[in-house]
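Position in the sequence shown (from 1) plus 595 gives the number in our numbering.
Just so you know, even glycine gets a beta-carbon here, dropped at the ideal spot from N, CA and C.
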Amino acid sequence: MKTEITELLGIRYPIIQGGMAWVAEHHLAAAVSEAGGLGLIGAASAPGEWVREQIRKVREQTSRPFGVNIMLMSPYAGDVAKIVAEEKVPVVTTGAGSPEKYMSMWKEAKVKVIPVVASVALARRMERCGADAVVAEGMESGGHIGESTTMTLVPQVADAVTVPVIAAGGMADGRGIAAALMLGAQGVQLGTCFIVTKESQVHENYKKCILKARDIDTRVTGRTTGHPVRAIRNQMTKEYLRREQEGASFEELEQLTLGGLRKAVVEGDVVYGSVMSGQIAGLVKEECSCKELLEKLMRETEKRLSGER
Ligand code: TUI
596 MKTEITELLG IRYPIIQGGM AWVAEHHLAA AVSEAGGLGL IGAASAPGEW
646 VREQIRKVRE QTSRPFGVNI MLMSPYAGDV AKIVAEEKVP VVTTGAGSPE
696 KYMSMWKEAK VKVIPVVASV ALARRMERCG ADAVVAEGME SGGHIGESTT
746 MTLVPQVADA VTVPVIAAGG MADGRGIAAA LMLGAQGVQL GTCFIVTKES
796 QVHENYKKCI LKARDIDTRV TGRTTGHPVR AIRNQMTKEY LRREQEGASF
846 EELEQLTLGG LRKAVVEGDV VYGSVMSGQI AGLVKEECSC KELLEKLMRE
896 TEKRLSGER
């Protein structure tokens, strides 16, 4: 399938794998890129040299385009931004802020820049400062989220900018992808369904948690602190929401989630850890390889787009 995104990025399918913290490492990113999507390394809060190593490992496994996602709240965001330019990574995506100050450095290195936005205002600002595309991410997504849903955000962003829009949040099959294309997107970014792939290195407990989740099993913590985060409900989200309602301080709440994602992804503590996931987890029912997943998604999408049910 050809879209403005497949042409811009030089990939076979208009599907990007989200830059999920702790989850999106070189095995997953390389598998997605090798299978025809765009794999991303999630830099999250990792130091620059860890990211450089991951970039080199992806390059050992595939010659296809891939990217790095920079979480702009990270203390290492500036270091990672520089390494992305030095290593001439084909694509950079950013989250949790505005990447304006790095833009000229990336442009000079011919890195394609795709900021993740949760509002029309930021999408417009990103286009003005030279973004090649934007990811419009709805609050159905896992992890750090904005206020708008994918259904409302994508068409409004698509009307507001001329660069291609990639939809994110709430999709895990061909119906969702076809719907996003109908809303004006030229591609999609998926996260939750890649967590359970064979190539994903996350702890087995984390995968099981996603596979058995139902439609109503995610919760959003941190709405009062200004850092809303969506994860599968467990003892941690229960306690967090109770303390949040009692008016606990930012510092107290922070203590509850500190290192929680690592605890869930690496140690498999899905009771007290942070099992970040999108609302679509209820639709994710089987573990398969990235290649199988991408092929199934595209088959389903083409079928829906041709009007078949
Ligand atoms: O960034 C994400 N998702 C994430 S980051 C993350 S790591 C983390 N771990 C623990 C606590 C908090 C974060 C986990 N998931 N998605 C992209 C995204 N960006 N969603 C929302 C935004 C966003 C929000 C506000 C982007 C820009 C913004 O305002 C920028 C500005 O300056 O106006």
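CA-to-CA distance, residue j to residue i, given in whole angstroms
i: Tyr835; j: Ser640; result: 22 Å
i: Arg607; j: Ala619; result: 20 Å
i: Ala808; j: Gly877; result: 5 Å
i: Val866; j: Leu856; result: 11 Å
i: Thr747; j: Leu888; result: 27 Å
i: Gly634; j: Gln612; result: 5 Å
i: Val679; j: Met700; result: 10 Å
i: Pro685; j: Thr832; result: 37 Å
i: Ala753; j: Gly779; result: 6 Å
8 Å Cβ shell around residue i - same chain, five flanking residues per side excluded
i: Arg894; result: Gly769
i: Leu667; result: Thr689, Gly690, Ala691, Gly692, Ser693, Pro694
i: Ile636; result: Gly614, Ala619, Glu620, His621, Ala624, Val646, Gln649, Ile650, Val653, Phe661, Gly662, Val663, Asn664
i: Glu897; result: Met596, Gly769
i: Glu882; result: Val791, Thr792, Lys793, Lys802, Leu806
Same chain, Cβ closer than 7 Å to residue i, five either side skipped, listed in chain order
i: Thr657; result: Ala625, Ser628, Glu629
i: Thr820; result: Phe845, Leu848
i: Thr787; result: Gly737, Ala767, Ile805, Ser872, Gly873, Ile875, Ala876, Val879
i: Pro609; result: Met596, Thr598, Ile600, Thr601, Gln781, Gly782, Val783
i: Val797; result: Val618, Ile790, Val860
i: Gly631; result: Ile606, Arg607, Tyr608, Leu889
i: Met698; result: Val708, Cys724, Gly725
Chain B within 8 Å of residue i, Cβ atoms only
i: Arg647; result: No chain B appears in this structure, which consists of one protein chain only.
Neighbourhood of residue i by C-beta distance below 6 Å, restricted to the same chain and skipping five residues each side
i: Gly764; result: Glu732, Gly733, Glu735, Ser736, Thr745
i: Leu851; result: Tyr835
i: Glu722; result: Val756, Val758
i: Arg828; result: Asp812, Arg814
i: Val675; result: Ala638, Gly643, Val646, Ile665
i: Glu682; result: Ile650
Residue environment, residue i, which counts as buried when at least 16 other CB atoms sit within 10 Å
i: Lys858; result: buried
i: Ser872; result: buried
i: Gly605; result: exposed
i: Met777; result: exposed
i: Leu853; result: exposed
i: Arg904; result: exposed
i: Ile811; result: exposed
i: Gln830; result: exposed
i: Ala672; result: buried
i: Ala616; result: buried
i: Ser901; result: exposed
i: Arg825; result: buried
i: Gly771; result: buried
i: Ala716; result: exposed
i: Gly842; result: exposed
i: Asp864; result: buried
Counterpart residues of residue i in DSSP-defined beta bridges
i: Met871; result: Ala826
i: Val663; result: Ile636, Val687
i: Lys707; result: Val686
At least 3 beta-carbon pairs within less than 8 Å: the segment 749–767 vs the segment 725–732: yes
Cβ contact check for the segment 700–715 and the segment 788–803: 3 or more pairs under 8 Å: no
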